[in-house]
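Student: Residue numbers (this note's numbering): 493 to 698.
Let me begin by handing over the structure; questions about it come next.
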DNA sequence: GACCAGGCACATC
DNA sequence: GATGTGCATGGT
């Protein structure tokens, strides 16, 4: 995939705060809408943990509105920065330090941070070796008959963790390339009845 | 107008 | 433990 598509330059964010905020905002949301919300936060001078923490809930909601489900996501971002400030004195490095299992539990205990968002934060903001499993990853693996349709998040994550050298930059690139390929699969199937992809399992599994 | 997009929490069975 | 539903915007 790397030979075919080259580096994907993920995560598209400059700071740890921007990565975390993007990870929450992109939940069930197209990235283009997330970019617009992030641009509004930046414009308001609030694209930081302190900035988000200082905002009133209604202000935060209004700024991130383009990303959709803005009330839900404002609550989740507020929950994250609250834990960051209260438990780690506002230090993201402190929050992401310690053994990976503990860090993962710490993150998933926060309202609005599920397994995928936690792994995205750990890999892309913490640059630590955990694999992010998303719908595209499952789609690509399933269409290559590497998993079946009901494989759990942890099962798929375990495949990468057990069979690859835990190298964060490689995990970063691998997952980004899976998303790239997953999108191509999706589009190719949508417009090309005769292409070889059409013979692969449908989504969802028939 | 329907469907989907780099999920998650919550209710219910 | 498995399944269903609400959240809400913007692009196709």
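Ideal Cβ placement from N, Cα and C applies to all residues, glycine included.
1) Give the range of the alpha helix (DSSP H) segment to which residue 606 is assigned.
2) Might you give, ordered along the chain, the residues of its own chain that have their beta carbon closer than 6 Å to the beta carbon of residue 602, omitting 5 neighbours on each side?
3) Have a look at residue 505 and residue 540 and give me their C-alpha separation to the nearest angstrom.
4) Helix, strand or coil, according to DSSP, for residue 636 in the structure here?
5) Going along the chain, which unbroken runs of the alpha helix (DSSP H) with 4 or more residues stay wholly within the stretch 512 to 582?
6) Of the choices 547, 528 and 662, whose alpha-carbon is the least far from that of residue 557?
7) Identify whether residue 623 lies in helix, strand or coil by the three-state DSSP scheme.
8) Going by the beta-carbon positions, is the gap between residue 663 and residue 615 smaller than 7 Å?
9) Within the same chain, show all residues whose beta-carbon is closer than 8 Å to that of residue 507, passing over the 5 residues directly before and after it, in chain order.
10) Any idea what DSSP makes of residue 642, helix, strand or coil?
11) When the distance is taken between beta carbons, is residue 511 closer than 7 Å to residue 617?
12) Would you check if the distance between the CB atom of residue 610 and the CB atom of residue 592 is smaller than 7 Å?
Tutor: Taking the structure as given:
1) That residue, residue 606, is in no alpha helix (DSSP H); it is neither H nor E in DSSP.
2) So the list reads 571, 572 and 575, once near-sequence residues are dropped.
3) 12 Å
4) coil
5) Whole alpha helix (DSSP H) segments, 4+ residues: 523 to 535, 541 to 546, 549 to 556 and 562 to 580.
6) 528
7) DSSP, reduced to helix, strand and coil, places residue 623 outside both helices and strands of the structure shown, so it counts as coil.
8) Result yes, Cβ atoms of residue 663 and residue 615 sit closer than 7 Å.
9) 539 and 540
10) coil
11) yes
12) With contacts defined by Cβ atoms closer than 7 Å, residue 610 and residue 592 do not form a contacting pair.
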